[in-house]
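In terms of full-length UniProt numbering, the sequence shown is residues 1 to 251.
Here a beta-carbon is modelled for each residue, glycine too, at the ideal position from N, C-alpha and C.
Owing to the predicted nature of the structure, the values given are computational and were not obtained by experimental measurement.
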Amino acid sequence: MTTTRTAVVTGAARGIGAGVAKRLARDGFAVAVVDLDETACKPVVEEIEAGGGRALAVGANVADEQAVQAAVARIAEELGEPTVLVNNAGITRDNLLFKMTADDWDAVMNVHLRGSFLMTRAVQGYMTKAGWGRIVNLSSTSALGNRGQANYAAAKAGLQGFTKTLALELGKFGVTANAIAPGFIETDMTATTAARIGMSFDDFKNAAAAQIPVARTGKPEDIAHAVSFFVSEGAGFVSGQVLYVAGGPKA
Ligand code: NAP
Numbered sequence: 001m002t003t004t005r006t007a008v009v010t011g012a013a014r015g016i017g018a019g020v021a022k023r024l025a026r027d028g029f030a031v032a033v034v035d036l037d038e039t040a041c042k043p044v045v046e047e048i049e050a051g052g053g054r055a056l057a058v059g060a061n062v063a064d065e066q067a068v069q070a071a072v073a074r075i076a077e078e079l080g081e082p083t084v085l086v087n088n089a090g091i092t093r094d095n096l097l098f099k100m101t102a103d104d105w106d107a108v109m110n111v112h113l114r115g116s117f118l119m120t121r122a123v124q125g126y127m128t129k130a131g132w133g134r135i136v137n138l139s140s141t142s143a144l145g146n147r148g149q150a151n152y153a154a155a156k157a158g159l160q161g162f163t164k165t166l167a168l169e170l171g172k173f174g175v176t177a178n179a180i181a182p183g184f185i186e187t188d189m190t191a192t193t194a195a196r197i198g199m200s201f202d203d204f205k206n207a208a209a210a211q212i213p214v215a216r217t218g219k220p221e222d223i224a225h226a227v228s229f230f231v232s233e234g235a236g237f238v239s240g241q242v243l244y245v246a247g248g249p250k251a
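Here's what the structure looks like:
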């Protein structure tokens, strides 16, 4: 008998996280759709259920230690003990260094780094117990440096070091950890950036596509496909890697 594996995707009410949640459901996982607002997770859950999958909407701030503990316990109880974790929740607080506030810095560190740490620590016990697990962390091409994103670039580079350390510590328990570093993906996050710099989203996308070797911007499905590979059964010998999914080569 094969049992359904449970996957947890954070920041899954919209954007890349929603795309990943729907893809993993199609791949046969029961999926916990975690985001700040539980109600906002419901449409993704309903879409998964309408397609014959299993999903659970869970409201939690990934940067809140108690909320994370409670959310993961509830997922284990109501959906099944999780052995796949996709740390996707993220925010931007862009500004040039001289205008960046300490709050902008802390907010970004809290969601990306503290959030991924807390979620991974809460879930890893189920993975080591099962002798099988898959962790995927969302980094970014901004990890290589990006004007106006000192906080975000540092967090996304930090996630790469975090990923490699997880791979070293958890490998012997059958757990892999990898990072995906997307380039430009069409979501509310990039739409907000366009608005901030006073461009229409279409103009912003076209300008980005002109710099991308495959001559288009990415979609959440492009990232979901890479996640699907990393969490697959056959990817058990791939660990500690950073995959740039950016329509062209990155360092
Ligand atoms: P998005 O559309 O802004 O979605 C992010 C989701 O994360 C939102 O639903 C948001 O909830 C949720 N979230 C924020 N803080 C949270 C917290 N503390 N706890 C739980 N959930 C939280 O962003 P996206 O473009 O899909 O990005 C997803 C991930 O990919 C992020 O880590 C981002 O840094 C990374 N990434 C994106 C791009 C890109 O081009 N879009 C490129 C590289 C990397 P609310 O809606 O309630 O705020």
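Can you tell me the Cβ-Cβ gap for residue i and residue j, rounded? I've got them flagged as a contact below 8 angstroms.
i	j	result
Lys219	Ile185	7 angstroms
Ile16	Ile223	5 angstroms
Asp27	Ala13	20 angstroms between Cβ atoms; not a contact.
Val68	Ala107	Rounded, the Cβ-Cβ distance is 17 angstroms, inconsistent with contact.
Of the residues the options, which one's Cα is nearest the Cα of residue i?
i	options	result
Arg5	Ala76, Leu36, Ile180	Ala76
Lys129	Pro82, Phe162, Met109, Asn88	Pro82
Met189	Glu78, Val58, Leu36, Ala89	Ala89
Gly125	Val45, Ala246, Leu85, Phe29	Leu85
Gly80	Trp105, Leu166, Phe29	Phe29
Ala25	Trp105, Ala40, Ile48	Ile48
Trp105	Ala40, Gly171, Lys156	Lys156
To the nearest angstrom, how far is it from the Cα of residue i to the Cα of residue j?
i	j	result
Leu118	Phe173	19 angstroms
residue 297	Asp202	The chain is shown from 1 up to 251; residue 297 falls before or after that span and cannot be answered.
Thr187	Thr3	33 angstroms
Asn206	Arg74	43 angstroms
Ala71	Ala60	6 angstroms
Leu113	Thr217	26 angstroms
Ala154	Lys164	16 angstroms
Glu169	Gly52	36 angstroms
Ala195	Gly131	46 angstroms
Val111	Ala235	28 angstroms
Thr10	Ala55	13 angstroms
His225	Phe98	38 angstroms
Met109	Leu138	14 angstroms
Ala167	Gly240	5 angstroms
Phe204	Asp103	27 angstroms
Ser200	Ser232	38 angstroms
Lys42	Leu96	36 angstroms
Ala210	Gly171	40 angstroms
Glu65	Ala40	21 angstroms
Glu221	Ala208	18 angstroms
Less than 8 angstroms separating the beta-carbons of residue i and residue j?
i	j	result
Asp94	Gly158	no
residue 260	Val238	Residue coverage of the chain in this structure runs from 1 to 251, which leaves residue 260 outside it and unanswerable.
Val136	Asn178	yes
Ala57	Glu78	no
Arg134	Thr176	yes
Ala181	Ala143	yes
Ala21	Val33	yes
Val31	Ala7	yes
Thr193	Tyr152	no
Ala18	Val44	yes
Thr141	Lys250	yes
Arg23	Val227	yes
Gly115	Asn146	no
Gly247	Gly161	no
Is any beta-carbon of chain B found at less than 8 angstroms from that of residue i?
i	result
Ala246	The structure shown contains no chain B; it holds only a single protein chain.
Inset, instruction - Quick one: which unbroken alpha helix (DSSP H) runs of 4-plus residues sit fully inside the segment 135-198? Chain order, please. - result: 150-170, 188-196
Legend entry - Ranges of the beta strand (DSSP E) found wholly within the segment 35-113, counting only runs of at least 3: 55-59, 82-87
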